[in-house]
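Engineer: To get this note's numbering, take the position in the sequence shown, counting from 1, and add 12.
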Amino acid sequence: MDIAIVGSGYVGLVTGVCLAHIGHNVVCCDNNKEKIKVLLAGGMPIYEPGLDALLLKYRKAGRITFTSSIAEAAQKATVIFIAVGTPSKKNGDADLTYIENVAREVAQNMDSYKLLVEKSTVPAMTGDRIARTIRLNLPAKYKPGSKNALEFDVASNPEFLREGSAVEDFMDPDRIVIGVESKRAEQLLREIYKPLKATIVVTNLATAEMIKHASNSFLATKISFINSVSQICERVGADVEKVAEGMGYDKRIGRAFLNAGIGYGGSCFPKDVDAFVRLAEKSGYDFKILKSVREVNEDQKSWFTRHIEDKLWIVKDKVIAVWGLAFKPDTDDMRSAAALTIIEALQDEGARIQVYDPQAMPNAKKLLKGVKFCADPYAAAKGADCLLLITEWAEFKKADFAKTRDLMRQAVVFDGRNFLDAKRLRELGYEYHGIGRGGNA
Ligand code: UGA
């Protein structure tokens with residue numbers, strides 16, 4: 013099938029490349045001409061494991077192309093996925109300006125049936141707005157009621173990809189959600205996903221939009237719940253890791269997303285929780301649980317900083333090594349990364365920060381000032397009074413901790429992800445602090 017993807021960020025690029033992989037002809041579009049230039053030259057503007065190899069393969073096979081013209085993309089394809097950004101406004105609402113622009117431009121360039129599919133996370137009822145924008149902007153000869161009136165459909169097909177494992181998640185999804193208002197749209201989407209053999213949940217448009225809101229918010233709730241539990245564990249001598257394990261065997265609960273730490277970040281959870289709270293407010297409901305989820309997430313970061321300050325005693329002029337900056341491993345994404353809040357708070361207290369991240373440093377350099385960026389974990393640890401593990405990159409687990417200890421001025425570790433081997437570090441002479449790890453943990 014001929015498919016256009018408008019928006020070539022994480023979601024758009026992964027969707028485009030993976031749709032080419034399962035046999036479709038894809039044109040990816042973005043209004044950022046620089047990004048399109050990079051892609052046309054064979055480059056990859058983001059870091060996502062496995063994506064560059066697939067892109068190369070399908071570019072060579074001619075199954076994926078790039079353009080900065082929505083008109084061109086819309087004319088080539090029957091199905092148009094909208095994967096543009098929906099950033100948060102100051103009041104927490106999702107800013108849908110880009111979505112409106114895409115709908116308008118597609119409408120102005122339509123000359124046959126099109127199916128527009130929302131891929132970006134959008135507030136429920138956005139589908140209705142897109143349909144209205146299309147009706148209002150169709151060329152006069154194709155407007156509803158005219159002799160050559162064009163048919164179109166709007167559908168919602170939310171994505172559930174996680175950065176870092178996006179290709180895998182696309183190819184082997186837990187489910188595919190399709191929100192449609194017509195049989196034609198349902199059939200087209202079923203056809204697109206046929207090669208994946210996944211469970212398909214078909215709903216109306218608003219329900220599909222709601223499934224996305226509810227799924228991300230529920231996952232964020234699990235994280236804030238376990239983080240709250242970790243706070244009590246710390247005080248009563250219990251180990252949150254064992255608590256999560258013990259809870260996780262219950263099939264009704266499950267172990268996933270019960271990792272206590274310094275809170276969730278990224279481009280999705282913080283923004284989506286805000287947008288869901290706002291959507292609820294607008295519909296006349298006070299979503300108290302989600303407001304607390306958000307508050308607990310913020311508290312977790314400030315608690316971590318206070319904890320470091322408390323243990324270090326004097327923070328001013330102390331050298332603090334930071335391992336990991338990205339909001340999670342296997343990505344270069346720094347959006348709403350906990351590292352930003354924690355580092356800035358420690359800088360405010362006069363700490364000197366030395367950092368290393370395997371992928372996120374180019375992005376982090378645009379956001380962090382007065383920080384020393386180092387070439388490897390050991391350079392970051394040199395002369396440090398303590399080491400913060402902020403992102404659980406696999407390479408940190410394999411680090412030479414005897415060497416690290418000898419490079420540091422004081423062998424103190426704050427493990428913000430309960431990722432390192434506490435027992436081994438203590439044996440090596442480190443003072444180890446995890447999250448919610450009371451008792452002997
Ligand atoms: C999340 C969802 O997991 C995807 O299903 C969804 O498609 C995506 O948002 C989206 O809406 O686009 P992502 O933000 O890439 O994916 O990353 P996650 O793996 O969900 O992690 C989010 C944050 O939660 C990270 O900062 C991570 O460190 C944190 N986290 C995750 C925890 O603190 N504890 C956990 O147990 C799990």
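Beta carbons are placed, not taken as given, at the ideal position from N, Cα and C, and that holds for glycine.
1) Are the beta-carbon atoms of LEU128 and ILE76 separated by less than 7 Å?
2) Whole angstroms is fine: what's the gap from ARG364's alpha carbon to LEU352's?
3) Between the region 176-196 and the region 204-222, are three or more C-beta pairs nearer than 8 Å?
4) For LYS283, which residues from the same chain have a beta carbon less than 6 Å from its beta carbon, with the 5 sequence-adjacent residues on both sides left out?
5) Pairs of beta-carbons, one from the region 114-127 and one from the region 222-241, closer than 8 Å: are there three or more?
6) On the criterion of 16 or more Cβ atoms from any shown chain inside 10 Å, does TYR276 qualify as buried, or is it exposed?
7) Who does CYS41 pair with in a DSSP beta bridge?
8) What I want to know is whether the C-beta of LEU173 ends up closer than 6 Å to one or more non-hydrogen atoms of ligand 1.
9) Per DSSP, VAL189 is paired with what?
10) In this structure, does DSSP put CYS30 in helix, strand or coil?
11) Would GLU130 and ILE82 be called neighbours here (beta carbons separated by less than 7 Å)?
12) On the DSSP letters alone, give me the boundaries of the alpha helix (DSSP H) that TYR70 sits inside.
13) Can you tell which of PRO170, LEU67 and ALA152 has the C-alpha that lies nearest to the C-alpha of SER162?
14) Is there at least one non-hydrogen atom of ligand 1 closer than 6 Å to the beta-carbon of ILE402?
15) Would you say the beta carbon of CYS280 comes nearer than 6 Å to a heavy atom of ligand 1?
16) So, with DSSP's three-state summary, where would you put SER236?
17) Following the continuous alpha helix (DSSP H) through ASP181, name the residue where it begins and the one where it ends.
18) Please classify THR109 as buried or exposed, where buried requires at least 16 other C-beta atoms within 10 Å of its C-beta.
19) How close, in whole Å, do the beta carbons of ASP418 and TYR444 come, if the pair is a contact with beta carbons under 8 Å?
20) Taking the alpha carbon of GLY28 as the reference point, which residue from TYR368, ILE204 and GLU404 has its own alpha carbon closest?
21) Going along the chain, which residues of its own chain have a beta-carbon closer than 7 Å to the beta-carbon of ALA349, five neighbours each way excluded?
22) What three-state label does DSSP hand TYR276 in the structure shown?
23) Just to confirm the assignment, what range does the alpha helix (DSSP H) spanning LYS313 have?
24) Which whole runs of the alpha helix (DSSP H) in the region 336-380 are 4 residues long or more, in chain order?
25) State the start and end residues of the unbroken beta strand (DSSP E) segment that holds LEU127.
26) From this set, LYS102, THR98, LYS155 and ASP107, which residue's C-alpha is nearest ALA119's C-alpha?
27) Looking at the unbroken alpha helix (DSSP H) that takes in LEU437, where does it start and where does it end?
28) Taking contact to mean 3 or more Cβ pairs, one atom from each stretch, closer than 8 Å, check whether the region 362-380 and the region 323-337 are in contact.
29) Could you check the C-alpha separation between ALA423 and CYS398 for me, to the nearest Å?
30) I want to check one thing, is the minimum distance from the CB of GLY276 to the heavy atoms of ligand 1 below 6 Å?
31) If we call anything under 7 Å between Cβ atoms a contact, is ILE354 one with LYS313?
32) In the DSSP assignment, find the unbroken beta strand (DSSP E) run with LEU162 in it and report its ends.
33) Can you tell me whether GLY273 sits near ligand 1, meaning its C-beta is under 6 Å from at least one heavy atom of the ligand?
34) Verify the contact flag: PHE431, CB atom, against every heavy atom of ligand 1, threshold strictly below 6 Å.
35) Going by beta carbon distance, what residues of the same chain come within less than 7 Å of VAL305, once the five residues before and after it are set aside?
36) If you follow the beta strand (DSSP E) that GLU443 is part of, which residue opens it and which one closes it?
Structural biologist: Let me lay it out:
1) no
2) 14 Å
3) yes
4) SER100
5) no
6) buried
7) VAL18 and THR79
8) yes
9) VAL213
10) helix
11) no
12) 63-72
13) Per the sequence shown, the amino acid found at residue 162 is Leu instead of Ser. If we check each option's Cα against that of LEU162, ALA152 comes out closest.
14) no
15) yes
16) helix
17) 178-183
18) exposed
19) 17 Å between Cβ atoms; not a contact.
20) ILE204
21) GLY277, LEU337, ALA338 and PHE339
22) coil
23) 300-324
24) 350-360 and 373-377
25) 126-130
26) LYS155
27) 434-439
28) yes
29) 6 Å
30) What sits at residue 276 in the sequence shown is Tyr, not Gly. For ligand 1, at least one heavy atom lies less than 6 Å from the Cβ of TYR276.
31) yes
32) No beta strand (DSSP E) holds LEU162; DSSP gives it neither H nor E.
33) yes
34) no
35) ALA232, THR233, SER236 and VAL285
36) 443-445
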